[in-house]
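Taken in order, the sequence shown gives residues 1 to 280; the numbers are from the UniProt record's numbering.
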Amino acid sequence: ELDWFDFSVHHKKNYQLGEARELIDIEENLPSSTEEPIDSIPTNLTFYGNPNHRWWRFEDAQTDFGALNLNKVDLGKLLMMEFVIIHSNDWFVIPYEAKIGSLCRINSLIVTDVFGGTTNIKPAKMIERGIGWNVWDIFSLSKESAKSMREVNPCSSLSTADFLFIPPTLGRRYESIPIEEVRFLRDEMANMVWGIESTIRNCLGEPISGYEAYQDQLRRMKKHSYKDAATNLHRLAIDLEDSTIQALITIIDGIAFEAGITEITDAIANNVKLTEIIEI
């Protein structure tokens with residue numbers, strides 16, 4: 001599975017390619033599309049859990065970004081939270097269907113307001129001053145220069161191209177659910193990583209939930225232990241039923257004598273009833 005972020009621009013134009021292949025300079029001679037300029041009305045970006053654009057309207061609680069457990073090292077989650085809560089209503093979507101296997105570049109983006117005025121929107125990296133990751137840029141390929149490949153931290157001088165590559169991959173595919181799945185959880189207090197089998201295979205080789213399989217095993221163990229306890233109680237009940245009162249008094253007398261309980265032994269010697277002996 002490949003996507004646009006799996007590719008980067010190499011600093012050598014003929015890197016690992018045959019010399020007979022016709023190459024182009026993507027920075028200067030990128031072929032232009034013959035399509036006419038398109039006109040479109042932008043729509044607000046929407047996603048599950050995004051804040052409503054109208055005041056005094058409650059969001060759907062099915063997706064709760066406020067329930068995220070964030071740590072100081074979770075920069076990705078922190079950036080997503082900032083985008084969702086603060087900047088999500090500043091983003092708009094203009095749909096455009098790109099061809100598979102093409103290099104896409106936006107030559108110009110012109111916005112027309114309600115008064116008929118036009119504004120040419122330039123890329124943020126052309127307006128902001130910065131180097132590498134200090135410049136805002138998205139949906140563009142990174143350029144691997146000879147200098148950045150020799151550096152320990154290549155992101156310090158990383159630059160990006162002004163086009164996007166649409167790889168010729170499958171748009172649709174048939175994929176089954178995972179047969180086995182293991183999740184790794186970080187335990188910072190114990191300085192350990194726990195591996196939890198989230199999905200396992202049953203006796204038929206079908207994937208089942210590891211948690212449900214564990215709960216089913218506990219239920220079967222409890223059922224087996226209850227069965228053993230019921231068998232023992234049944235045997236004890238039979239023994240008590242077959243025993244006479246005098247036999248029970250004899251057993252109690254032996255236990256009390258070994259324990260040194262003189263009150264019970266004296267009561268049995270004086271022919272006290274069994275109910276009174278039990279009360280002692």
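Note that the Cβ used here is the ideal one computed from N, Cα and C, for glycine as well.
Under the DSSP definition of a beta bridge, R183 partners with I196. When DSSP reads this structure, C104 sits in a beta bridge with L164. Within the same chain, Cβ atoms closer than 6 angstroms to the Cβ of E181 are found at S198 and T199, the five residues on either side in sequence being excluded.
Residue environment analysis places V9 among the buried positions, since at least 16 neighbouring C-beta atoms fall within 10 angstroms of its C-beta. For R183, same chain residues with a beta-carbon under 6 angstroms away, outside a window of 5 residues either side, are I196 and S198 in chain order. Ranked by how close their Cα comes to the Cα of A161, the residues I249, V135 and L185 have V135 in first place. In the three-state reduction of the DSSP assignment, N89 falls in the helix class, which pools H, G and I. Just measuring C-alpha positions, the residue of S102, V93 and L141 sitting nearest L109 is V93. Straight across, the Cα-Cα distance linking I38 with E188 is about 53 angstroms.
Assigned with DSSP and collapsed to three states, L79 falls in helix. With contacts defined as CB atoms closer than 8 angstroms, G66 and E59 fail to qualify as a contacting pair. Residues of the same chain with a CB within less than 6 angstroms of the CB of P168, apart from the 5 flanking positions on each side, are I100 and G101 in chain order.
Shortest Cα-Cα distance from I106 to any of F165, K222 and I208 involves F165. Within the model, the alpha-carbon separation for E82 versus W4 is close to 25 angstroms.
Closest in C-alpha terms to W91, from the list G76, N44 and L103, comes N44. One thing to note: F7 has its Cβ no nearer than 8 angstroms to the Cβ of L103. Per DSSP, the beta bridge partners of T43 are V93.
A distance below 7 angstroms between beta-carbons, with the five flanking residues on each side excluded, links I177 to the following residues of its chain, in chain order: P207.
Residue burial annotation: S142 is buried, with at least 16 other C-beta atoms found within 10 angstroms of its C-beta.
Where T63 is concerned, there is no enclosing beta strand (DSSP E), because DSSP gives it neither an H nor an E.
Of all alpha-carbon atoms in N191, W194, E212 and V114, the one lying nearest the alpha-carbon of R201 is that of E212. Per DSSP, the continuous alpha helix (DSSP H) segment holding T265 begins and ends at T262 to A269. Burial state of I264 is buried, judged by a 10 Å Cβ sphere holding 16 or more other Cβ atoms. In the three-state DSSP reduction, R57 falls in the coil class, being neither helix nor strand. The C-beta separation of D113 from A124 comes to about 20 angstroms, leaving the pair out of contact by the 8 angstroms criterion. Beta-bridge pairing by DSSP links V9 to K143. In the DSSP assignment, V111 is bridged to T119.
Contact check for I85 against P51 passes: the beta carbons are separated by less than 8 angstroms. For I208, the beta-bridge partners assigned by DSSP are I200.
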